[in-house]
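Engineer: Residue numbers (our numbering): 3 to 140.
Each residue gets a CB set at the ideal place from its N, CA and C atoms; glycine is no exception.
In this text the structure is predicted, and so the values were computed from the model without any measurement.
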Amino acid sequence: MSEVKTGAAAPSTVTGIGVVDSTGVVKPLGGTAGVSLVVDTSTGDGVLTGDGTKNVATAGTRVALATTTACKWVVVSARPANTGKIVVGTVTCVAAAGSERGIVLAAGQAAAIPATNLASVYIDSTVNGEGVAFAYGA
Numbered sequence: 003m004s005e006v007k008t009g010a011a012a013p014s015t016v017t018g019i020g021v022v023d024s025t026g027v028v029k030p031l032g033g034t035a036g037v038s039l040v041v042d043t044s045t046g047d048g049v050l051t052g053d054g055t056k057n058v059a060t061a062g063t064r065v066a067l068a069t070t071t072a073c074k075w076v077v078v079s080a081r082p083a084n085t086g087k088i089v090v091g092t093v094t095c096v097a098a099a100g101s102e103r104g105i106v107l108a109a110g111q112a113a114a115i116p117a118t119n120l121a122s123v124y125i126d127s128t129v130n131g132e133g134v135a136f137a138y139g140a
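The following block contains the structure:
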């Protein structure tokens, strides 16, 4: 994460996609330069509008976070009680060990992702029944 701006007149900008570690520090993921999450607090852009939870019933079977739900960003957090890994991504995400595709999260980690619809954000898990909590803004 290279830049965060605050204040009523300027948008808050987070460049890149990151993972929040167990100490609450946001760490950038490699290879994501140029992806931005912009929250303009002066216009109400990006205001928190909802949250939810989602589980993967059968490991290896990815599921969308929700049905059609417009958004501008989503923060996805792997549940602290999870024993396996969660992967967040598109319809092609994979959590299977050695074949991971997407953003891999251990228990308690989170990722902030620019998105236009929760139906296009998927999760997969390495353990049946494990999942995430999420919050989104529009």
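(1) Could you have a look at Ala-135 and say whether DSSP puts it in helix, strand or coil?
(2) Report the three-state DSSP secondary structure of Ser-122 (helix, strand or coil).
(3) Our contact map puts Lys-1 next to Gly-139 with C-beta atoms below 8 Å; I'd like the distance itself, whole angstroms only.
(4) Taking all protein chains shown into account, decide if Asp-53 is buried (16 or more other Cβ within 10 angstroms of its Cβ) or exposed.
(5) Less than 7 Å separating the Cβ of Thr-128 from some heavy atom of the ligand ATP?
(6) So which of Asn-57, Gly-104, Ala-98 has the shortest CA-CA distance to Gly-91?
(7) What's the C-alpha gap between Thr-55 and Val-129?
Structural biologist: This is what the structure holds:
(1) Your numbering for residue 135 matches position 133 in the sequence shown. In the structure shown, Ala-135 sits in a strand (DSSP, three-state: E or B).
(2) Residue numbering aside, residue 122 sits at position 120 when the sequence shown is read from its first letter. Correct three-state label for Ser-122: helix.
(3) Any question about residue 1 goes unanswered here, given that the chain covers just 3 to 140.
(4) To locate residue 53, count along the sequence shown from 1; it is residue 51. Result: exposed.
(5) As for the ligand ATP, it is missing from this structure, which has no ligand bound.
(6) In the sequence shown, the residue the question calls residue 91 occupies position 89. Out of Asn-57, Gly-104, Ala-98, Gly-104 has the C-alpha closest to the C-alpha of Gly-91.
(7) The residue labelled residue 55 in the question sits at position 53 within the sequence shown. The residue labelled residue 129 in the question sits at position 127 within the sequence shown. Each residue's alpha carbon lies about 16 Å from the other.
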